[in-house]
């Protein structure tokens with residue numbers, strides 16, 4: 008099922024995480040963070056880079072509590088299917104990340120750490 012992306016120039020998103028310009032499927036860009044994005048041209052003439060998971064969530068998921076974050080339930084950042092997404096708070100997102108240790112590498116070091124384990128020991 009495809010839905011029109013509001014205020015865009017003929018862009019659509021579907022429940023599987025594909026984005027279209029008219030009938031042409033757009034190629035997704037992989038961001039450094041691991042999330043996928045696409046460039047969307049809006050009616051005001053501006054082109055904006057949008058995260059695919061947010062486009063899917065905004066168009067297919069209810070958000071009655073107006074939660075600000077879209078979470079990937081299975082932790083796979085390029086799995087943008089509507090079934091894999093949910094609206095959460097920042098706190099809920101951090102708890103999900105910590106529960107599944109998705110913020111750590113195989114040695115248990117935080118992915119955004121300034122120093123390596125060896126540097127700290129030294």
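In my numbering, the protein residues as written are 8 to 129.
No residue lacks a Cβ here, since even glycine has one placed at the ideal position from N, Cα and C.
| query | How many Å lie between residue 66 and residue 35 at the Cα? | reply | What you label residue 66 is simply residue 59 of the chain shown in a count that begins at 1. What you label residue 35 is simply residue 28 of the chain shown in a count that begins at 1. Going by the C-alpha atoms only, they are around 18 Å apart.
| task | Determine the contact status of residue 103 and residue 78, defining contact as a CB-CB distance below 9 Å. | result | As a position in the chain shown, residue 103 is number 96, starting the count at 1. As a position in the chain shown, residue 78 is number 71, starting the count at 1. By the CB criterion at 9 Å, residue 103 and residue 78 fall inside the cutoff.
| message | Using a 10 Å radius around the Cβ and a threshold of 16 neighbouring Cβ atoms, would you call residue 21 buried or exposed? | response | Here residue 21 refers to the residue found at position 14 when the chain shown is read from its first residue. A residue is called buried once 16 or more other Cβ atoms fall within 10 Å of its Cβ, and residue 21 is buried on that count.
| query | Going by alpha carbons, who is nearest to residue 58 out of 29, 41, 50, 68? | reply | Start at 1 with the first residue of the chain shown, and residue 58 comes out as number 51. Ranking the options by Cα distance to residue 58, first place goes to 41.
| said: Rounded to whole angstroms, what is the Cα-Cα separation between residue 64 and residue 94? | reply: If you number the chain shown from 1, residue 64 lands on position 57. If you number the chain shown from 1, residue 94 lands on position 87. Computed Cα separation, rounded: 8 Å.
| said: What residue range does the alpha helix (DSSP H) around residue 61 cover? | reply: As a first step, residue 61 is located in the chain shown; it is residue number 54 there, counting from the start. Per DSSP, residue 61 belongs to the alpha helix (DSSP H) from 59-67.
| query | For residue 81 versus residue 91, is the C-beta spacing smaller than 9 Å? | reply | By one-based count along the chain shown, residue 81 stands at place 74. By one-based count along the chain shown, residue 91 stands at place 84. Yes, these two residues count as a Cβ contact at 9 Å.
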